[in-house]
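J.: Residue numbers (our numbering): 461 to 542.
Would you mind keeping the following structure in view while I ask a few things?
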């Protein structure tokens, strides 16, 4: 199992850590290579590059993905991860 997350203020990071501890899952922070800005949210085709991509995703049967809702939408870097 894997818990992958992006967090702006630390709230999602704490929730992801608690879930990973409770489930015995690995924890992975989704980080954009270039700091996030509102430009990504204005372009629905935007797929920011992830810093330190997750290798060997085939090993996980279950993946939880957590993120804050920004501008009433999913952060575009999450789509890059998926």
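A virtual CB, placed ideally from N, CA and C, is assigned to each residue, including glycine.
Here the structure is a predicted model, which means the values were calculated and not measured.
Please classify residue 539: does DSSP put it in a helix, a strand, or coil?
T.: In the structure shown, residue 539 sits in a helix (DSSP, three-state: H, G or I).
J.: Compare the Cα-Cα distances from residue 505 to each of 527, 478, 531 and 537 and report the closest residue.
T.: The shortest Cα separation from residue 505 among 527, 478, 531 and 537 belongs to 537.
J.: Assuming residue 528 contacts residue 467 (C-beta within less than 8 Å), just tell me the rounded distance between them.
T.: At roughly 7 Å, the Cβ-Cβ gap stays under 8 Å, so residue 528 and residue 467 are in contact.
J.: Return the Cβ separation of residue 486 and residue 511 in integer angstroms, given the expectation that the two are a contact with Cβ distance under 8 Å.
T.: Actually they are not in contact, since the Cβ atoms of residue 486 and residue 511 sit about 18 Å apart, beyond 8 Å.
J.: Using the rule of at least 16 other Cβ atoms within 10 Å of the residue's Cβ for burial, across every protein chain shown, is residue 532 buried or exposed?
T.: When all chains shown are included, residue 532 counts as exposed.
J.: In angstroms with no decimal places, state the Cα-to-Cα distance between residue 501 and residue 535.
T.: When rounded, the distance between both Cα atoms is 7 Å.
J.: Please go through the segment 464-541 and give each complete beta strand (DSSP E) segment of 3 or more residues, from N-terminal end onward.
T.: Taking only runs of at least 3 residues, the beta strand (DSSP E) segments lying wholly in the segment 464-541 are 486-489 and 523-526.
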